[in-house]
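Undergrad: Pasting a structure here, questions to come.
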Amino acid sequence: MSFMEIPSSKENITVPWVQEVLSRYFSNQGITEDAQVVVTSMDSQGTVGPGQGFLSNRIALVATGTVGDTPLTTNLMVKMSTDDPAVRELVHDLRFDSIEVNYYNLIVPALRSEVERSEGVGSKVMRLGEEEDAAVPLPVPRCYHAAYDKSTGKSVLVLENLQSKGFFTKKFSDGLGLEDIKLTVSALANLHAISYSAMQRGQLPSAGFDWLFDASEEAAKSAITQAFHDGVGQFETAFPDQSELVSLLRRLGERVPGILGSEEEGPFMVLCHGDCWANNIMFKVNDAGVPIDAMLVDWQCVRRASPTSDLAFLLLSSTDRTLRHQHIDNILAHYYSVLTETVKKCGLELSPYSLDMLRAEYHSERVSGLIQCMASYDCFVADQACMERLRDSVEELRESNLV
């Protein structure tokens, strides 16, 4: 199989293909200079599992070899197009695969360049293409190769396998705790701030790219609206005694197409993850089980929006109401502190975007966050605890007179 071909199965991923991927990556990074990359063996670790997506096929690999005279062991996760025709059609219609490939090929290099600029030349320690101890962390897995073939609809991503570094995805049914959330909003704040700086300095288009996810597009609007109505049906089945909440959701459903088609320009616009919930966050814990790091994965819905769109969906989908009630002010203040600090490291100021403006945007953005939760009902419906968390989110917005 040639490098230009996109693998569609485990059998297509060969030693020569992986060697070419790594050779091109290290060469582009300026790491190998004249040293040759040789992959001598490749060990398949099986599928990357569980809870890490149904929209693609994923396998873990360990590539062993040399770079010149230096031993090389690289843990990889290869993400390929799914075999399921229905899912593949959905992914194609909503452009999930091409968006993620473009994100890694076009946006991440600009973000890394902005990090390097803010830290100063030579401040980043490199080891065979991997960053260590960056002052402004970029919580995104390293991408060795990303390709999409529009004619076939096939795509492939070759990413670092975060599981090999001790990262894991928490059970969605358990929800996220306060320390999990503080790590996650810190990761979001860093990414939001770096993207803002990159757009302000011309590293990225200030208005974003035309290929970013856009919920106002007919295909996306239709799919989200239908998924929302399906979610309301599942909600009614799960909670037959909650007729008032179901009625509120049905009335909200009538407004969904208009809400999706009328997103306004906010006072502070950044590149958002767009699908930031528990299953798209990987955590690392210390020996005592305390979370110490978070990485964001599955960049298929990247869009230009207010940062509160990420925060609203994250908190409504992945935390319980008690945590939000007790800690929301602390969480938003923590996010804003990291955002401000990172923007300053990039040499810019947030003014006039204040913490009060962030709070106000978050509280109103919860309507869109709830729409996204309800449209993602299949992630909730498998577990009663998840459905109860969803019910509490609906109740929260009802009490806030937002639905």
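Read left to right, the sequence shown gives residues 66 to 468 (this note's numbering).
The C-beta atom is built at its ideal place from N, Cα and C for all residues, glycine as well.
Note that the structure is predicted; figures quoted are calculated from it, not measured.
1) I'd like the span of the beta strand (DSSP E) that includes Cys-337, first residue to last.
2) Would you mind sorting Gln-60 into buried or exposed? The rule is 16 or more other CB atoms within 10 Å of its CB.
3) Using the three-state DSSP reduction, which class does Arg-447 fall into: helix, strand or coil?
4) What's the gap between the Cα of Pro-150 and the Cα of Arg-315?
5) Do Val-408 and Tyr-261 have their CB atoms nearer than 8 Å?
6) Buried or exposed, going by whether 16 or more other CB atoms sit within 10 Å of the CB of Arg-320?
7) Span of the beta strand (DSSP E) holding Asp-214?
8) Measuring alpha carbon to alpha carbon, tell me which residue in Gly-218, Ala-440 and Gln-391 is nearest Ser-287.
9) Can you give me the Cβ contacts of Ile-71 inside the same chain, cut-off strictly under 6 Å, excluding the 5 residues immediately before and after it?
10) Three-state secondary structure (DSSP) at Val-355?
11) Can you give me the C-alpha to C-alpha distance between Ala-254 and Ala-303, rounded to a whole angstrom?
12) Apart from the five residues just before and just after Tyr-427, which ones in its own chain have a Cβ nearer than 7 Å to its Cβ?
13) Looking at the unbroken alpha helix (DSSP H) that takes in Val-432, where does it start and where does it end?
14) Mind the definition here: the stretch 156-166 touches the stretch 76-94 only if three or more C-beta pairs lie below 8 Å; say whether that holds.
15) Taking the beta carbon of Phe-233 as the centre, do at least 16 other beta carbons fall within 10 Å, making it buried, or is it exposed?
16) With a 10 Å radius around its C-beta and 16 neighbouring C-beta atoms as the bar for buried, classify Asn-395 as buried or exposed.
TA: In brief:
1) 335-337
2) Look at the range of the chain in this structure, 66 to 468, and you will see that residue 60 is not part of it.
3) The amino acid at residue 447 is misidentified as Arg; the sequence shows Ala. Ala-447: coil per DSSP, three-state reduction.
4) 31 Å
5) yes
6) exposed
7) 208-214
8) Ala-440
9) Ala-212, Asp-214, Lys-219 and Val-221
10) coil
11) 35 Å
12) Thr-373, Leu-376, Ala-377 and Leu-397
13) 420-440
14) no
15) exposed
16) exposed
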